[in-house]
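Protein chains in written order, with my numbering: chain A, 138 to 346; chain B, 138 to 346; chain C, 138 to 346.
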């Protein structure tokens, strides 16, 4: 495993999602192994779904550095659990970096498999969001993807920018950085200004009143 | 992609499940992208599980017509949400067509992979029901498969008829139509006459009283 | 299919998980097919996840003996439902045998695919526990893996012992038996003496009071 920008960002995303999983599990008062399991599932969920859909062996099964990083980060999360909690903003930032990075890996691997651009963007969004969805289902919370924070929309927008830049043959590392920053910016701005997408109501119930 | 009966029915099923997913999401007051996500997952869930089990790349990743159809149908569902609601019977019919069609694709692809008939029937039922199960789990409702409507039973019966007709070398298009009509008829009759399967109770609690 | 110790234990695990699924479904008052579905999913869940991750066709799709065994055992579970209930201890034992056996199949298949030992242990734990997790999610109960019974820990410990014995070239059948007995013993002792792992609390809420 060489240390390209791609790999560094990928491990950063893995670490961020492991922390978010460990914190969510501690919030639910799960025991030691429950914390490890949630951290593990949150970290590998998106990439595993991506690799299964592509027909490849999941990355964490071929490269043990992922398991060791997840284990180490989970232990650190338990030790520094109260300090991390004061750093909620930086956790939110890491979580968003995770979303951005995993979106990129999904789009990238879709392109490497000659899939249609719209399929690549979809694959990117699934890779970026699935770990968090599993974490929330296992912790019995409303999946992050359905909260009002425009989570999936940030991922899809980033994926679209990735495809456009890629068509103009922009340098790959530049694409990664620009796309990540766009996803992070969208999510930060949306949460700061409480922007949300419209909802649509069926007026069935109203007519009953 | 040629327009064989198989493909026409397959797209019809995709459309029907997309509508049912969009309506379920609007009922839960999810935002714009929440509606798209649920419609997408409901539509592709069954076929994706089928393809993963077989070891093939999911159809929607190779043929973008599925994503465009799901997107278009979801937009139409949002625009005409109140009109569709008055057409609950036709929605129920479309949903049942979806169940029938996806059951057929599961059985068919099992046969093409030389699997045992009983495995083909099981694969058909998983293909037909999994999208609806995902929709209901994500919308936090009791999965359709566990309601009293004999949902999976209709699918399994249709799969059995498919295998029997196939053994008699009946024309494939005839098998598709006959099997679909059987699944649709079973579900219509069962819902109309409130037929349900027996339940079995453990009398543990009784002895406590 | 020859009747090696591996296969005998594998079917024993399948049967045990099918019984546990059928009983859980009857407890939730599901109808006849609901019971079959939960029994089936609980039985095949772990092995199917293992085979998908490895990129192999799930065992039950290639060998119909699994479907027939699950069907037969489910019917027997329904007929003798009240007698089985009196045998809760033996059910618990069978469930634990299932955990042990499926852990072994996961580790074994990981080794056969030349995966790293730590990946094999992880794969073993996923194989051993996933069926029970699916059963509990579908029955809307707290997943067994998160209860205080050190379920996953028993599996991981067994997997570790498997890898160590395998490194010393111990006879495979001996490894299977020793590892199974270790997993069973850990779970029995833990449940009998109410041993549990520590939990870690975030003291966020306290500071609000």
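Glycine included, every Cβ here is placed at the ideal spot set by N, Cα and C.
Which of helix, strand or coil does DSSP assign to residue 336 (chain C)?
As a working mapping, residue 336 (chain C) is identified with position 199 in the third chain. Reduced to three states, the DSSP call for residue 336 (chain C) is strand.
Under 8 Å by beta carbon: chain A residues contacting residue 201 (chain B)
In the second chain, the residue the question calls residue 201 (chain B) occupies position 64. By Cβ distance, chain A contributes 253, 255, 256.
Hey, is residue 264 (chain B)'s beta-carbon within less than 7 Å of any beta-carbon in chain A?
The sequence position of residue 264 (chain B) within the second chain is 127, counting from 1. At a cut-off of 7 Å between C-beta atoms, residue 264 (chain B) does not count as an interface residue with respect to chain A.
In terms of DSSP beta bridges, what is residue 147 (chain B) paired with?
For this step, residue 147 (chain B) is matched to residue 10 along the second chain. None; residue 147 (chain B) has no bridge partner.
Best match in B:251, B:161, B:185 for proximity to residue 215 (chain B) [C-alpha to C-alpha]
The sequence position of residue 215 (chain B) within the second chain is 78, counting from 1. Looking at the Cα atoms, B:161 is the closest of the given residues.
Residues sharing a beta bridge with residue 168 (chain B), DSSP:
Numbered from its first residue, the second chain carries residue 168 (chain B) at position 31. Under the DSSP definition of a beta bridge, residue 168 (chain B) partners with A:336.
Residues in the region 226-241 of chain A having any Cβ partner in chain C nearer than 8 Å:
Listed by position, the residues of the region 226-241 of chain A near chain C (Cβ gap below 8 Å) amount to none.
List, in order along the chain, the chain C residues whose C-beta lies closer than 7 Å to that of residue 171 (chain A)?
For the purposes of this step, residue 171 (chain A) is identified with residue 34 of the first chain, where counting begins at 1. Ordered by position in chain C, the residues that pass the 7 Å Cβ test against residue 171 (chain A) are 283.
Of all the residues that make up the region 173-201 of chain C, which are near chain A by a beta-carbon distance shorter than 9 Å?
Cβ contacts with chain A come from 189, 190, 191, 192.
Straight-line gap, residue 342 (chain C) to residue 173 (chain C) (C-alpha atoms, nearest Å):
Position 205 of the third chain, counting from 1, holds the residue named residue 342 (chain C). Position 36 of the third chain, counting from 1, holds the residue named residue 173 (chain C). The predicted model places residue 342 (chain C) with a pLDDT of 43, which falls under 50 and marks its position as unreliable; any figure quoted below should be read in that light. The straight-line gap from Cα to Cα measures roughly 44 Å.
Chain A contacts from the region 145-167 of chain B (Cβ-Cβ distance under 7 Å)
The residues in question are 163, 164, 166, 167.
Of all Cβ atoms in chain C, is any one closer than 7 Å to the Cβ of residue 289 (chain B)?
Within the second chain, numbered from 1, the residue matching residue 289 (chain B) stands at position 152. For residue 289 (chain B), the nearest beta carbon of chain C is closer than 7 Å to its own beta carbon.
Mind pulling the alpha helix (DSSP H) runs of 4 or more residues that sit fully within the region 263-332 of chain B?
The region 263-332 of chain B contains, as complete alpha helix (DSSP H) runs of 4+ residues, the segments 288-304, 309-329 (chain order).
Please classify residue 335 (chain C): is it buried, with 16 or more other beta-carbons within 10 angstroms of its beta-carbon, or exposed?
On the third chain, position 198 is the one that residue 335 (chain C) refers to. Classified as exposed, residue 335 (chain C) has fewer than 16 neighbouring CB atoms from the shown chains inside 10 Å of its CB.
Could you tell me the distance, in whole angstroms, from the CA atom of residue 127 (chain C) to the CA atom of residue 319 (chain C)?
The structure shown does not extend to residue 127 (chain C), since chain C spans only 138 to 346, so no value can be given for it.
Let me know the secondary structure DSSP gives residue 194 (chain B) once reduced to three states.
The count along the second chain starts at 1 and reaches residue 194 (chain B) at position 57. Reduced to three states, the DSSP call for residue 194 (chain B) is coil.
Which chain A residues sit within Cβ distance under 8 Å of residue 207 (chain B)?
For the purposes of this step, residue 207 (chain B) is taken as the residue at position 70 of the second chain. Those within 8 Å of residue 207 (chain B) in chain A number zero; the least Cβ separation is about 10 Å.
Residues of the region 308-321 of chain C with Cβ closer than 8 Å to any Cβ of chain B, in chain order:
For the region 308-321 of chain C, which is checked against every Cβ of chain B, not one residue is closer than 8 Å.
Alpha carbon to alpha carbon, how far is residue 168 (chain B) from residue 249 (chain C)?
Locating residue 168 (chain B) in the second chain gives position 31, counting from the first residue. Locating residue 249 (chain C) in the third chain gives position 112, counting from the first residue. Rounded to whole angstroms, residue 168 (chain B) to residue 249 (chain C) spans 47 Å at the Cα level.
Closer than 8 Å is the cut-off here; do at least three beta carbon pairs connect the region 185-198 of chain C with the region 298-313 of chain B?
Touching, no, given that fewer than three Cβ pairs across the two stretches are closer than 8 Å.
Rounded to the nearest angstrom, what separates residue 86 (chain C) and residue 176 (chain C) at their Cα positions?
Any answer about residue 86 (chain C) is impossible in this case: the structure gives chain C only from 138 up to 346.
Can you give me the start and stop residues for the alpha helix (DSSP H) that residue 213 (chain C) sits inside?
For the purposes of this step, residue 213 (chain C) is identified with residue 76 of the third chain, where counting begins at 1. If you look at residue 213 (chain C), you'll find it in the alpha helix (DSSP H) that goes 202-216.
Report back the beta-carbon spacing between residue 268 (chain B) and residue 194 (chain B) to the nearest angstrom; my notes put them in contact at under 8 Å.
On the second chain, residue 268 (chain B) is found 131 positions in, with the first residue counted as 1. On the second chain, residue 194 (chain B) is found 57 positions in, with the first residue counted as 1. The Cβ separation is near 18 Å, so there is no contact.
For a quick check, are the C-beta atoms of residue 257 (chain C) and residue 265 (chain C) less than 7 Å apart?
Indexing the third chain from 1 puts residue 257 (chain C) at position 120. Indexing the third chain from 1 puts residue 265 (chain C) at position 128. With contacts defined by Cβ atoms closer than 7 Å, residue 257 (chain C) and residue 265 (chain C) do not form a contacting pair.
Thinking C-alpha only, which one of B:171, B:297, B:151, B:302 is nearest residue 238 (chain B)?
For the purposes of this step, residue 238 (chain B) is taken as the residue at position 101 of the second chain. Comparing Cα positions, the closest option is B:151.
Contacting residues, own chain, Cβ-Cβ under 6 Å from residue 298 (chain A) (five flanking each side not counted)
As a first step, residue 298 (chain A) must be located in the first chain, where it is residue number 161. Excluding residues within five positions, the ones whose Cβ falls inside 6 Å are 316, 319.
For residue 171 (chain A) and residue 332 (chain C), what's the separation of their Cα atoms in angstroms?
By 1-based counting over the first chain, the position of residue 171 (chain A) is 34. By 1-based counting over the third chain, the position of residue 332 (chain C) is 195. Cα to Cα, residue 171 (chain A) sits roughly 15 Å from residue 332 (chain C).
Given a cut-off of 7 Å on the beta-carbon distance, is the pair residue 240 (chain B) and residue 292 (chain B) in contact?
As a first step, residue 240 (chain B) must be located in the second chain, where it is residue number 103. As a first step, residue 292 (chain B) must be located in the second chain, where it is residue number 155. Yes; because the gap between Cβ atoms is below 7 Å, this pair is in contact.
Kindly say whether residue 334 (chain C), judged by its beta-carbon, lies nearer than 7 Å to any beta-carbon of chain A.
One-based indexing of the third chain puts residue 334 (chain C) at position 197. Output row for residue 334 (chain C): interface = yes.
Using the beta-carbon count (16 or more within 10 Å), is residue 142 (chain B) buried or exposed?
As a working note, residue 142 (chain B) is residue 5 in the second chain. Taking all protein chains shown into account, residue 142 (chain B) has fewer than 16 neighbouring C-beta atoms within 10 Å of its C-beta and is therefore exposed.
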